[in-house]
Structure formats: C-alpha cells, structure tokens
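Trainee:
In the numbering used here, the protein residues as written are -13 to 240.
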C-alpha cells in the first residue's frame, strides 16, 4: 500500500511498507519552506513503531545544504520514538557527502541503495540503545531534578564516566530554557555504545545560539562550555519549538 503527499513547493513524499519497514520516497525540491512537511511525514511514519523508517532521497533536489537539517529535526521531535531508526538512501555520492557534512549522518546512517539500507535494518535492530525522557517544571527545581535524573540514568546504564560532563551539559540546557523561554523543559537522554546524547526541548522557536566571543577575555558562556565539552552540539527546530542536543563520549572529560 502506498500514499503520495504533494506540496505546493514541488515536494512529493510516497510511502509504502516492506515487511515491517516503512519506506518513504522523497522527490522534488527540498528547501526551508517545505522541510517541515518532510519532517512531519517521517514523524507520521513512526506512529505504528515500525522496525525502521527508510527515506530514499535520491530524487531530492537540495540547493541549500542547510535544508538537510529537516532530518535532524525529525529525529528530535518530542513524539519521535528513539528506538525506531531512521535510515537514509541516496544513490548520489555528492548528496551523501553533503548529508555527512551537515551532521545528519551522526544520527542516521546513509546508504547508496535501498537494498543496502534494508539489510542494514537488521543490524540496527541488534543495537543496544538505552533512552529515557522526563518533562520538568518551568522553575528552578528542574535544575536539581535534571541532574539527579541524569546521574540515575547513566549509573543504571553503567556509564559513570560520562556523568560529570553530562551534568554540566544538562545544567546549561535547562538553565537556558528557564531563562529564555516560559516553557516546561523536556529532557531526553540516549546512550549507545560509548556515547550519550543529552537533549532538551522547549516550546520556543528561537534557536539556541552561542554568543560571539568577547574581544577581551575568555568566552565562558554556557553554550561555549557545551561546545568545548562535547563531540558536537546543535539547536534543531521542531514542530513545537526546538531541541538543543549534545553528543558526548569517553574523551570528553572535565
């Protein structure tokens, strides 16, 4: 069974199911105007918790590489199931390189063919992904509660070495939500292998930006500290606001 969704901006997304895998085929032009539609198509495909969502972007035109961030946005939707992997397919080598440069490949593998992607689903199904999520109140008690939860989760997942950096990162993220938005922060922690991803979502569409370094002295702003302590970090728009995330590994130490 398949369905095709078309937008006025020449983006079309077809959907079909192969066994327990939802396969989306996107074609046309992807830009900042219609990228939310692609994000929402991916999120919708995850509702019934398939084994994976494979998105074939071989026929997609992406003039601005920044538009690839729609896939990171889909990954960090509040209603996205982290245990359902998203896999990209592109037969175009240049497009695969652009996807990697954009940072999307950090969260989802990219294959040259759909056949290879479907084979990769079995491998991803064997991965050990641990995750937890909590909605916190929009007041200062969230700072203490978020640190307690991070310590508890990473201890239970046998990742004590990641705790010190994770505590600093989550404190910065929660503090920024409380200071700059009026929303309840939603914290998600994911742990796979030797790495952990700390993500905090809020209802503000304003991106989290690291302030420019001062002309004199050392930049000790919160996000500058996060950047120094993590493998990568980013601020990703979602349908309800944004998610700010950071990936840390064993090399990230205080």
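All residues carry an ideal CB built from backbone N, CA and C; glycine is no exception.
On the three-pair Cβ rule with 8 Å, is the segment 67 to 81 touching the segment 32 to 39?
Mentor: Yes: at least three Cβ pairs fall under 8 Å.
Trainee: Hey, could you find the ends of the alpha helix (DSSP H) residue 26 is sitting in?
Mentor: Run containing residue 26: 21 to 31, per the alpha helix (DSSP H) assignment.
Trainee: Would you say the segment 48 to 63 touches the segment 76 to 89, given that touching needs at least three Cβ pairs under 8 Å?
Mentor: Verdict: yes, contact present.
Trainee: Fully enclosed by the segment 135 to 216, which beta strand (DSSP E) runs are 3 residues long or longer?
Mentor: 172 to 178, 181 to 188, all fully within the segment 135 to 216.
Trainee: Taking the alpha carbon of residue 114 as the point to measure from, which residue in 46, 208, 228, 176 has its own alpha carbon closest?
Mentor: That would be 176, whose Cα lies nearest to the Cα of residue 114.
Trainee: Whole angstroms are fine: how far does the CA of residue 229 sit from the CA of residue 170?
Mentor: Distance between the alpha carbons of residue 170 and residue 229: 12 Å.
Trainee: Can you say whether residue 209 is buried or exposed, counting buried as having 16 or more other CB atoms within 10 angstroms of its CB?
Mentor: With 16 or more Cβ atoms within 10 Å of its Cβ, residue 209 is classed as buried.
Trainee: Below 8 Å, how does it come out for the segment 212 to 229 and the segment 58 to 68: are there three or more Cβ pairs, yes or no?
Mentor: Cβ pair count under 8 Å is three or more, so yes.
Trainee: Do residue 124 and residue 164 have their C-beta atoms within less than 8 Å of each other?
Mentor: A contact, by the Cβ cut-off of 8 Å.
Trainee: Got a sec, what are the start and stop residues for the beta strand (DSSP E) residue 224 sits in?
Mentor: Residues 218 to 224.
Trainee: Report the start-end ranges of each beta strand (DSSP E) in the segment 46 to 107 that is 3 residues or longer and not cut off at the edges.
Mentor: Listed in chain order, they are 72 to 75.
Trainee: Given a cut-off of 8 Å on the beta-carbon distance, is the pair residue 207 and residue 196 in contact?
Mentor: Against a cut-off of 8 Å, the Cβ pair of residue 196 and residue 207 comes out as a contact.
Trainee: Nearest to residue 92 by alpha carbon, out of 240, 237, 239, 233?
Mentor: The shortest Cα separation from residue 92 among 240, 237, 239, 233 belongs to 233.
Trainee: Pick helix, strand or coil for residue 111, following the three-state DSSP scheme.
Mentor: It is helical.
Trainee: Label residue 25 either buried or exposed according to how many other C-beta atoms from any shown protein chain fall within 10 Å of its C-beta, with 16 as the threshold for buried.
Mentor: The residue in question, residue 25, is buried, as its Cβ has 16 or more Cβ neighbours within 10 Å.
Trainee: DSSP state of residue 131, grouped into three classes?
Mentor: Here residue 131 sits in helix by DSSP.
Trainee: If you run the structure through DSSP and keep just helix, strand and coil, what is residue 239?
Mentor: Three-state result, residue 239: coil.
Trainee: Restricting to Cα atoms, I'd like to know which of 9, 18, 19 is closest to residue 28.
Mentor: Of the candidates 9, 18, 19, the one whose C-alpha sits nearest the C-alpha of residue 28 is 9.
Trainee: Thinking C-beta only, is residue 77 closer than 8 Å to residue 95?
Mentor: No; because the gap between Cβ atoms is not below 8 Å, this pair is not in contact.
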